[in-house]
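In UniProt numbering, the protein residues as written are 1 to 699.
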Amino acid sequence: MSELAALNITYLPGVGPKKAELLQKELKIASYEDLLYYFPYKYVDRSKFYSIREVNSKLAYIQVKGRFTSLKTVGTGRQSRLTGMFSDGTGIIELVWFKGHKYIKENIDPNAEYIIFGKPTAFNGQFNIVHPEMDKVENGQVKISAALQAFYNTTEKMKKGFLNSKAIQKLQQNVFLSFQGKIPETLPAFIIQKYKLLQLHESLKVIHFPPNTQILEKAQFRLKFEELFYIQLNILKQRNQRGRNIKGHNFSVVGDYLNSFYQQKLPFELTNAQKRVIKEIRRDMGSGKQMNRLLQGDVGSGKTLVALMVMLISLDNNFQTCLMAPTEILATQHFETISEMLEGLNVTCALLTGSTKKAERNRIDAELTSGQLQILIGTHALLEDKVKFNNLGLVVIDEQHRFGVAQRAKLWRKNHQPPHILVMTATPIPRTLAMTIYGDLDVSVIDELPPGRKPIETAHYFHNRRNNLNKFIKGELDKGRQVYVVYPLIDESEKMDFKNLAEGYEYMQRVFSDYKVSMVHGKMKPAEKDEAMQIFSSGQSQILVSTTVIEVGVNVPNASVMVIESAERFGLSQLHQLRGRVGRGAEQSYCILMTSYKLSEDTRKRMDIMTRSTDGFEIAEADLKLRGPGDLEGTQQSGLPFSLKIANLGKDGQILQFARQVAEAILNEDPYLEKEEHRILNKQLTKLSREKMNWSLIS
Ligand code: ADP
Ligand code: MG
1 MSELAALNIT
11 YLPGVGPKKA
21 ELLQKELKIA
31 SYEDLLYYFP
41 YKYVDRSKFY
51 SIREVNSKLA
61 YIQVKGRFTS
71 LKTVGTGRQS
81 RLTGMFSDGT
91 GIIELVWFKG
101 HKYIKENIDP
111 NAEYIIFGKP
121 TAFNGQFNIV
131 HPEMDKVENG
141 QVKISAALQA
151 FYNTTEKMKK
161 GFLNSKAIQK
171 LQQNVFLSFQ
181 GKIPETLPAF
191 IIQKYKLLQL
201 HESLKVIHFP
211 PNTQILEKAQ
221 FRLKFEELFY
231 IQLNILKQRN
241 QRGRNIKGHN
251 FSVVGDYLNS
261 FYQQKLPFEL
271 TNAQKRVIKE
281 IRRDMGSGKQ
291 MNRLLQGDVG
301 SGKTLVALMV
311 MLISLDNNFQ
321 TCLMAPTEIL
331 ATQHFETISE
341 MLEGLNVTCA
351 LLTGSTKKAE
361 RNRIDAELTS
371 GQLQILIGTH
381 ALLEDKVKFN
391 NLGLVVIDEQ
401 HRFGVAQRAK
411 LWRKNHQPPH
421 ILVMTATPIP
431 RTLAMTIYGD
441 LDVSVIDELP
451 PGRKPIETAH
461 YFHNRRNNLN
471 KFIKGELDKG
481 RQVYVVYPLI
491 DESEKMDFKN
501 LAEGYEYMQR
511 VFSDYKVSMV
521 HGKMKPAEKD
531 EAMQIFSSGQ
541 SQILVSTTVI
551 EVGVNVPNAS
561 VMVIESAERF
571 GLSQLHQLRG
581 RVGRGAEQSY
591 CILMTSYKLS
601 EDTRKRMDIM
611 TRSTDGFEIA
621 EADLKLRGPG
631 DLEGTQQSGL
641 PFSLKIANLG
651 KDGQILQFAR
661 QVAEAILNED
671 PYLEKEEHRI
681 LNKQLTKLSR
691 EKMNWSLIS
């Protein structure tokens, strides 16, 4: 549909330079096509009329037909408003205008019948509608024909520039009126026929002007399908090509390193899930192809151990390996755990972070290049160009959601033949989302926790129960346990957060004066942070007041209480992650979510799910449903490499599945999309990859 994409929005009847600028600035709408693909966010049924007697405050919108019985201006000057009494014979409703009332007053015909549409609010025992939509009924005929009225999101600036939802709808109409001919189809004809999809032209018309819900659903289905289909086609096509083009190191040997670790050092029996996952990874690494695998496992499921064993396989095959973590604290902890587990095995292992000293750094660089250093653990510092390996065979990335896909690609290039890649994430990503973001990765799941863990008990407290909370904390401290208290992230712009954290710190010191309290936050120097963490993890302090810097991976088995302050400010996945910091030892652990009284509907639901479930996957699904993938943590940081205009990964999982199957079938038959009937697919992919520049980074 290049023609519509080439038509500048400025020249659409009803737009002009001023509105064009607004559309461009506020919504990035520059062409006719952009406008057509700006979809409504909701529809309101305008086929139904209410009688005024029926109106109640639960109705979001009402439409009534009747006449004005009186009209008067109240007040003077800028404070004045116009109020009209409107009757349909069953009752009276008040209509109010604060703006533009001179014009309205002069134009209302006291003898005519009107259709009024708007949101009713109860006021002084009567209902009123502020700034209703109003249409005059001509000759007893109802003028409105579209049964469902589309509503579009607009911004304050747009509203001031006379571009409200209704105006956008008018512009949509103008596109159809001024563009002669049919909007060219973007899906192959055989798909449209086979799955009985609506044509693009009709779908776009219906999405803006739906005559009824059935056909609207068909149009939505077609547009969602198309959107998801092309994403899947793109991912799968690239993945196929990589599979063909990129050879992988063949790790055929299981040798001394892994064997002696397994026999001498393994501190516990592996869970069945860990065994299965290790098998899957070994199969990949021995296949001659490059491995690209995502390892999902809930917090505490034992991913680190899996990573270590897999890394030892790399050593057994005479390759170096590295492990990258998102924070210094976590990298250090990995380094310590792993060094300890490898003691006596004659493995060389080093830690590289932003704060590694120059001399140490030089040593690491030299030993890496010579091949003497076998395992390198670190932060983003690993990505720097000067980090050069002799022969890097395997890269493990922990907590992927903190890293962008681009960074993953960077590690690829650390060896002339790309290393195997294992990405580990503790944010259980719902299947639908994994298929989309990580569509190019194979997925392994650790769906079992090590034995003996007691599920964490979670409670939701309002602030007025702080005394109970303190009593409870005291009880746990007296038993010898440790406690986390987490505050929302400190943002550069938000002085409030810091104030809360600092006050919380002082408060805990005052209330628990028999115990030692330490504090960690992201604005501290790494060395200070480490020291504070160290004091807590070694048990010298019993309470740790912190921001979310402790969110990922930190392991203090003796900590049994997690208090989350202002829990309403955290997303579900983040709450779940934080909760995962406790329950790592043998003791019963607890998580307490503190919130204020006033909670939105969504927050209430989040607190409910948290107190009800400890299953990370269930929580992730719920999160996706509640917030949509754009906001889902994990995707936010790495950023979905594309934005969805109509499909919703939380709700449209089935359409996604279907779209993927269709894409797979096509690629099986014609991997390079060379057939005549597939030409349109290639054309669309090229067009989309040009628009959505990040696409190529997904693989
Ligand atoms: P995560 O998956 O969150 O990274 P970790 O690897 O940090 O989990 O493991 C959490 C804790 O469970 C660690 O203390 C680890 O030693 C322990 N652990 C891992 N695997 C097992 C197992 N099979 N049996 C018992 N404990 C285990
Ligand atoms: Mg971990």
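For glycine and all other residues, C-beta sits at the position ideal for the given N, C-alpha and C.
Short Cβ contact (7 Å threshold) for residue 261 with residue 286: Not closer than 7 Å, so no.
Own chain, CB closer than 8 Å to residue 178, minus 5 neighbours either side, in chain order: 12, 13
Helix, strand or coil at residue 52 [DSSP, three-state]: helix
Cβ neighbours of residue 548 in the same chain (closer than 6 Å, five flanking residues each side left out): Only 489 meet the Cβ criterion.
Straight-line gap, residue 220 to residue 19 (C-alpha atoms, nearest Å): Straight-line measurement puts the Cα of residue 19 at about 28 Å from the Cα of residue 220.
Per DSSP, cross-strand counterpart(s) of residue 8: 31
Every unbroken beta strand (DSSP E) within the UniProt domain "Helicase C-terminal" (468-625), with a cutoff of 3 residues, ordered by chain: 482-486, 517-520, 543-546, 559-564, 590-595
Close Cβ partners of residue 255 (< 7 Å) along its chain, the five nearest in sequence each way excluded: The beta carbon of residue 255 lies closer than 7 Å to those of 316 in the same chain, with the five residues before and after it left out.
With 16 other Cβ atoms within 10 Å as the buried cut-off, status of residue 621: buried
Straight-line gap, residue 154 to residue 645 (C-alpha atoms, nearest Å): 15 Å
Burial state of residue 246 (16 or more Cβ within 10 Å): exposed
4-residue-minimum alpha helix (DSSP H) runs that sit fully inside the segment 44-126, ordered along the chain: 101-107
Alpha carbon of residue 36 to alpha carbon of residue 90, nearest angstrom: 41 Å
Exposure label - residue 266; buried when at least 16 CB within 10 Å: exposed
Beta-carbon separation (whole angstroms), residue 442 vs residue 612, contact threshold 8 Å: The pair is not a contact, with the Cβ atoms about 32 Å apart (cut-off 8 Å).
Residue 271 CB to nearest heavy atom of the ligand MG below 6 Å: Flag unset: Cβ of residue 271 not near the ligand MG.
Contact test: residue 118 Cβ vs the ligand PLP heavy atom, cutoff 6 Å: Looking for the ligand PLP in the displayed structure turns up nothing; the ligands present are the ligand ADP and the ligand MG.
Nonlocal neighbours in the same chain, by C-beta distance under 7 Å from residue 224, ignoring five residues either side: 646, 647, 652, 655
Presumed contact (8 Å Cβ cut-off) between residue 319 and residue 248, rounded CB distance: The pair is not a contact, with the Cβ atoms about 11 Å apart (cut-off 8 Å).
Near the ligand MG: residue 304 beta-carbon under 6 Å from a heavy atom: Taking the Cβ of residue 304 as the reference point, at least one heavy atom of the ligand MG falls within a distance shorter than 6 Å.
Of the listed residues 138, 478, 434, nearest to residue 514 (C-alpha basis): It is 478.
Residues that DSSP places opposite residue 701 in a beta bridge: Because the chain is modelled from 1 through 699, residue 701 falls outside the range shown and cannot be assessed.
Bounding residues of the alpha helix (DSSP H) (the contiguous stretch that carries residue 332): Per DSSP, residue 332 belongs to the alpha helix (DSSP H) from 328-341.
beta-carbon residue 647 near the ligand ADP non-hydrogen atom, thresh 6 Å: Because no heavy atom of the ligand ADP lies under 6 Å away, the Cβ of residue 647 does not count as near it: no.
For residue 294, three-class secondary structure by DSSP: strand
Beta-carbon proximity check, residue 119 vs residue 61, cutoff 7 Å: yes
Residues that DSSP places opposite residue 301 in a beta bridge: Note: residue 301 sits in no beta bridge, so no partner.
Bridge-paired residues (DSSP) for residue 133: 117
Any non-hydrogen atom of the ligand ADP closer than 6 Å to residue 297 Cβ: yes
Same chain, Cβ closer than 7 Å to residue 518, five either side skipped, listed in chain order: 532, 535, 536, 541, 544
Residue 299 versus 15, 136, 448, residue with shortest Cα-Cα distance: 448
Candidates 567, 511, 94, 150, of which the one nearest residue 128 by Cα: Selected option, being the one with the closest Cα: 94.
Helix, strand or coil at residue 138 [DSSP, three-state]: strand
Residue 312, DSSP secondary structure in three states: It is helical.
Local conformation of residue 42 per DSSP, three classes: strand
Complete alpha helix (DSSP H) runs within the segment 209-263 (minimum length 4 residues, chain order): For the segment 209-263, whole alpha helix (DSSP H) runs of length 4 or above, ordered along the chain, are 213-245, 256-260.
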